[in-house]
Amino acid sequence: MQYIITALKSEANPIIDYYGLKLSGLSNFPLYKNDNFTLLITGVGRKNVSNVLNLFFQKNKVTKNYIINIGISGGKKGDCSIGQLFLINKVSDEKSKLSFNLGSQHSFSLKNNEITTVSKPVVDNNFKGEGLVDMEAYEICKTVNDLEGLNRLLILKIVSDHMDMKHHISANQVESLIKQKIPVIDKLIRDIRKLQN
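Numbering-wise, the numbering used here puts 1328 at position 178 of the sequence shown, and it's gapless, one number per residue.
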């Protein structure tokens, strides 16, 4: 079984469509499945991530399976381009200043970057840290580390903006960004399956 976590339904939709996942009615949160995949939609922010993942892990053992978080992030202009995909190797928390290293022994031929989890969207380009920003990655790491360990957690982030937007990115824009990267995501999943067998 391959486990995928997204925060937004718009991040999940291209994955749901590509793999033919069906909504499972056996959950208190959006959960899509088929014989090979389970996709959880947590909602935005730390509290939602913690609640959904704790509920899920209480009922499901995912040992020996990779967990992949796929989502959008903000990036610095000049350091990355809109639509660029990164495999995250370090996750920091803006609030606590703590961090997790996700140095997987496999790079999967993807470019690495680090990410900082923030409490509010950065829209005025005033982020002083390194790398990308999002609102969930640190909480995903914290929860997965407490329950399963981080050795099989991968975080993929696609740059959606340069932290200079006054308006939120639309659901259609998010879907389009994820859809464009489905071939890369699918190759990563096939590579992971080879490691799991």
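Think of the CB as a built atom: it goes at the ideal place given N, C-alpha and C, for glycine as much as any other residue. These figures come from a predicted structure and were not determined experimentally.
Item to complete: Just the C-alpha distance for Arg1343 and Val1283, rounded to the nearest angstrom, thanks.
Response: Numbered from its first residue, the sequence shown carries residue 1343 at position 193. Numbered from its first residue, the sequence shown carries residue 1283 at position 133. Going by the C-alpha atoms only, they are around 29 angstroms apart.
Worksheet item: Just the Cα atoms here: how many angstroms apart are Pro1164 and Gln1234?
Response: The count along the sequence shown starts at 1 and reaches residue 1164 at position 14. The count along the sequence shown starts at 1 and reaches residue 1234 at position 84. Answer to the nearest angstrom: the Cα atoms are 17 angstroms apart.
Worksheet entry | Among Asn1263, Val1202 and Asn1251, nearest to Thr1231 - alpha-carbon criterion | Position 81 of the sequence shown, counting from 1, holds the residue named residue 1231. Contrary to the premise, residue 1231 reads as Ser rather than Thr in this sequence. The shortest CA-to-CA distance from Ser1231 to any of Asn1263, Val1202 and Asn1251 is the one to Asn1263.
Fill in: Cβ pair count under 8 angstroms reaching 3, the segment 1207–1225 against the segment 1311–1327
These segments touch.
Discussion item. According to DSSP, simplified to helix, strand and coil, what is Ser1320?
Written reply: Locating residue 1320 in the sequence shown gives position 170, counting from the first residue. Ser1320 carries a coil assignment under DSSP once its states are collapsed to helix, strand and coil.
Fill in: Burial state of Asp1243, where buried means 16 or more other Cβ atoms lie within 10 Å
Taking the first residue of the sequence shown as 1, we reach residue 1243 at position 93. Answer is buried; the Cβ neighbour count reaches 16.
Fill in: DSSP three-state assignment for Leu1282, whether helix, strand or coil
As a working mapping, residue 1282 is identified with position 132 in the sequence shown. In this structure, DSSP gives Leu1282 an extended state, which the three-state scheme calls strand.
Worksheet item: Less than 7 angstroms separating the beta-carbons of Ala1157 and Val1194?
Response: The residue given as residue 1157 occupies position 7 in the sequence shown. The residue given as residue 1194 occupies position 44 in the sequence shown. Taking 7 angstroms as the Cβ cut-off, Ala1157 and Val1194 qualify as a contacting pair.
Worksheet item: Between which two residues does the alpha helix (DSSP H) containing Ser1174 stretch?
Response: The count along the sequence shown starts at 1 and reaches residue 1174 at position 24. Run containing Ser1174: none; DSSP gives neither H nor E here.
Worksheet item: Hey, Ile1265 and Ala1287 are a contact pair by Cβ (cut 8 angstroms); roughly how many whole angstroms apart?
Response: On the sequence shown, position 115 is the one that residue 1265 refers to. On the sequence shown, position 137 is the one that residue 1287 refers to. So it is a contact: roughly 5 angstroms between Cβ atoms.
Practice prompt. Starting from the C-beta of Tyr1169, find all residues in its chain whose C-beta is less than 6 angstroms away, skip the five residues before and the five after it, and write them out in chain order.
Written response: In the sequence shown, residue 1169 corresponds to position 19, counting from 1. When the five nearest sequence neighbours on each side are left out, the beta carbons in the same chain lying within less than 6 angstroms of the beta carbon of Tyr1169 are those of Phe1187, in order along the chain.
Discussion item. Checking 7 angstroms against the spacing of the C-beta atoms, do Ile1290 and Val1202 come in under that value?
Written reply: Here residue 1290 is taken as the residue at index 140 of the sequence shown, counted from 1. Here residue 1202 is taken as the residue at index 52 of the sequence shown, counted from 1. No, the pair does not count as a contact, with Cβ atoms beyond the cut-off.
Fill in: Straight-line gap, Ser1269 to His1318 (C-alpha atoms, nearest Å)
As a working note, residue 1269 is residue 119 in the sequence shown. As a working note, residue 1318 is residue 168 in the sequence shown. Rounded to whole angstroms, Ser1269 to His1318 spans 15 angstroms at the Cα level.
Worksheet item: To the nearest whole angstrom, what separates the beta carbons of Leu1205 and Leu1189, a pair I think is in contact under 8 angstroms?
Response: Here residue 1205 refers to the residue found at position 55 when the sequence shown is read from its first residue. Here residue 1189 refers to the residue found at position 39 when the sequence shown is read from its first residue. Not really, about 15 angstroms apart at Cβ, beyond 8 angstroms.
Worksheet item: Going by DSSP, what residues sit across from Asn1262 in a beta bridge?
Response: As a working note, residue 1262 is residue 112 in the sequence shown. Answer is Leu1237.
Item to complete: Report yes if the CB atom of Lys1294 is closer than 7 angstroms to the CB atom of Leu1303, and no otherwise.
Response: For the purposes of this step, residue 1294 is identified with residue 144 of the sequence shown, where counting begins at 1. For the purposes of this step, residue 1303 is identified with residue 153 of the sequence shown, where counting begins at 1. One point to set straight first is that residue 1294 is Val, not Lys, in the sequence displayed. In this structure, Leu1303 lies closer than 7 angstroms to Val1294 by Cβ.
Practice prompt. Please name the residue, chosen from Glu1298, Ser1257, Ser1249 and Phe1258, that lies closest to Glu1280 on a Cα-to-Cα basis.
Written response: One-based indexing of the sequence shown puts residue 1280 at position 130. Minimum Cα distance to Glu1280 is reached at Ser1249.
Discussion item. Please classify Leu1306 as buried or exposed, where buried requires at least 16 neighbouring CB atoms within 10 angstroms.
Written reply: Against the sequence shown, residue 1306 aligns to sequence position 156. The residue is buried, with at least 16 neighbouring Cβ atoms inside 10 Å.
Worksheet entry | Selection from Lys1278, Gly1299 and Lys1226 that minimises the alpha carbon distance to Met1313 | Here residue 1313 is taken as the residue at index 163 of the sequence shown, counted from 1. Distance check between Met1313 and each of Lys1278, Gly1299 and Lys1226 places Lys1226 closest, using alpha-carbon atoms only.
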